[in-house]
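In what follows, a single structure is set out as structure tokens and then discussed.
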Ligand SMILES: Cc1ncc(COP(=O)(O)O)c(C=O)c1O
């Protein structure tokens, strides 16, 4: 049996693991010291907990603990990386290369730099959601100071070829930042193997608390980064402000749990996701996968259900929590820019629905979601004039090819 | 986005869903699309010629829950009304009755446009027929 409502929106956030909460609680009560107060026991207790958490977070991504800068989350980490690298550079105007499908927490800081005279190139993606490495190499100029490309996309789950991108950037002496918020803790990420210089991480995407995250800064890169929040010189002077000790302790615990449990859960999560996709494909026509199937995190499925609007689907699916690229489902007035970047029509973008599984998802939940989605899609299609007008539902040849090539 | 209980009701329990043969002489079909948003509403009315009363209304709609509810609402509203009376329904009235948020007022406009288009289609057919009949008599 399943408990309703079902949560299948793990890209937005994940449930705080009860073991994480247990680890945090003492630091919200008796262990209240300020880790900067190393002169007394209260401060030392807090500092020791922060040090331990720093080690756990570093271990999760194969980094050294001195390379972890705690922040308020991946948004701040992205801002620090992007604005901080640009601020530290002497080149003017300098140039940043990113991708049109990045999270707003990358695109908005880039837009702000642009309004201050920085040049920004936003690389396009193919129908599979992947960038072209030759295009990346061509985009880099002598004034390029940073390449920023995410590990896994927050909407379509597509994973960019990070190691290859890092190699292109390194060959040109350009710093490489990756927004790894949707990947770290859920798929293996090793900063040395990938050769990234900076990586943004968020605790709440890995069953940790909200409002805490980190920026990984490779040791050699620290001199090429300027702080954006000043006042006290915490975190190697890269991020001032009294540390969020309970949050950091929870982040550390979440990282430790992810280190211990992620690899074991990967194939189970992938097979549940595949079961979901197979369920839609066998029971419905007009289902389009958005982005590559192969280059995708195991917990993501992003599907457009032809002839219906995502917001209507979400509203009708009352006891299943998922999200949609429909403009009506969010505060924007454009349907998903990520799905449109794949070359999809606005109609297909607004029909997109994102399913986010996590290590707590069960087979019974997946089966419930399949049944419910099939029923709701069928009902909404009966209501849709487009279903009559386009009775022959065209399958996307690109998607077909990707599926065949799995 | 907050959805009123009226929208919720018309979206979850839509009345008068479906189609009637569009080529029938007593049927008017309006298919309208919301510019910029892409929502589509199709409203069909079957009219008794002698009285001008809408005897049957059917709708289909593509779009968000607010668009579907608005189309469902007008199908309900025009049933049993004369054409003249149906044409007095305004977009503002639809928005008010459904308590649509300001950003969803375009859904009311879509439903309003559908009524106008359906009635115009019926009237065009009716007048063409009348024209043919007068020509035959000549
Ligand atoms: C790819 C990506 N980057 C950044 C963020 C922002 O993370 P945070 O909520 O920790 O600021 C998110 C989460 O929404 C994300 O998915």
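Residue numbers (the working numbering), protein chains in the order written: chain A, 1 to 406; chain B, 407 to 544.
No residue lacks a Cβ here, since even glycine has one placed at the ideal position from N, Cα and C.
Query: Collapsed DSSP secondary structure at residue 448(B) in the structure displayed; Result: strand
Query: Contacts around residue 440(B), its chain only, beta-carbon distance under 6 Å, and the 5 residues preceding and following it disregarded; Result: 512, 516
Query: Interface partners of residue 466(B) on chain A, CB under 9 Å; Result: 382, 383, 384, 385, 386, 387, 388
Query: Outcome for residue 476(B) when other beta-carbon atoms lying within 10 angstroms are tallied against a minimum of 16; Result: buried
Query: Cβ of residue 394(A) within 8 Å of any chain B Cβ; Result: Only weak support exists for where residue 394(A) lies, its pLDDT of 43 falling under 50; the coordinates are left without a value.
Query: Residue from 540(B), 463(B), 527(B) with nearest C-alpha to residue 422(B); Result: 463(B)
Query: Stretch pair the segment 236-253 of chain A + the segment 100-114 of chain A: three plus CB contacts closer than 8 Å; Result: no
Query: Per-residue burial, residue 8(A) [other beta carbons within 10 Å of its own, 16 or more giving buried]; Result: buried
Query: Residue-chain proximity (residue 452(B), chain A), Cβ-Cβ < 8 Å; Result: no
Query: Inter-residue spacing [alpha-carbon to alpha-carbon] between residue 15(A) and residue 338(A); Result: 25 Å
Query: Whole-Å CB distance - residue 380(A) paired with residue 312(A), under 8 Å assumed; Result: 6 Å
Query: Length of the line joining the Cα atoms of residue 315(A) and residue 505(B); Result: 17 Å
Query: Minimum Cβ-Cβ distance from residue 4(A) to chain B less than 8 Å; Result: no
Query: Other residues of its chain near residue 467(B): CB distance less than 6 Å, five sequence neighbours each side excluded; Result: 447, 473, 474, 477
Query: Where the segment 463-491 of chain B meets chain A: residues whose CB sits under 7 Å from a CB there; Result: 466, 467, 468, 469, 470, 471, 474
Query: Check: residue 307(A) C-beta below 7 Å from any heavy atom of ligand 1; Result: no
Query: Length of the line joining the Cα atoms of residue 287(A) and residue 445(B); Result: 20 Å
Query: Rounded C-alpha distance that separates residue 424(B) from residue 534(B); Result: 26 Å
Query: Inter-residue spacing [alpha-carbon to alpha-carbon] between residue 452(B) and residue 386(A); Result: 22 Å
Query: Any non-hydrogen atom of ligand 1 within 7 Å of residue 129(A) CB; Result: no
Query: Coil, strand or helix - residue 347(A) by DSSP; Result: helix
Query: Boundaries (first-last residue) of the alpha helix (DSSP H) holding residue 300(A); Result: That residue, residue 300(A), is in no alpha helix (DSSP H); its beta strand (DSSP E) goes 300-305.
Query: Alpha carbon of residue 364(A) to alpha carbon of residue 275(A), nearest angstrom; Result: 11 Å
Query: Three-pair Cβ contact test at 8 Å for the segment 47-62 of chain A versus the segment 144-163 of chain A; Result: no
Query: Residue 148(A) Cβ short of 7 Å to ligand 1 heavy atom set; Result: no
Query: Alpha-carbon to alpha-carbon, residue 280(A) and residue 525(B); Result: 40 Å
Query: 8 Å Cβ cut-off: residues of chain A touching residue 425(B); Result: 388
Query: Three-way DSSP call (helix, strand, coil) for residue 323(A) in this model; Result: strand
Query: Under 8 Å from the C-beta of residue 326(A): neighbouring residues of chain B; Result: 470
Query: Validate contact between the segment 338-348 of chain A and the segment 239-250 of chain A using beta carbons, cut 8 Å, 3 pairs; Result: no
Query: Host beta strand (DSSP E) of residue 175(A) (start-end); Result: 175-179
Query: Pocket of ligand 1 defined by Cβ to heavy atom distance under 5 Å; Result: 73(A), 74(A), 75(A), 103(A), 105(A), 154(A), 179(A), 181(A), 182(A), 202(A), 213(A)
Query: is_contact[residue 420(B), chain A] using C-beta, thresh 8 Å; Result: yes
Query: Interface residues of chain A facing residue 446(B) [CB-CB closer than 7 Å]; Result: 385, 386
Query: Spatial distance of residue 404(A) from residue 20(A) (CA atoms); Result: The pLDDT assigned to residue 404(A) is 34, lower than 50, so where the model puts this residue is not dependable, and the model offers no usable value.
Query: Continuous alpha helix (DSSP H) assignments of at least 4 residues falling wholly in the segment 65-150 of chain A; Result: 74-88, 104-115, 133-139
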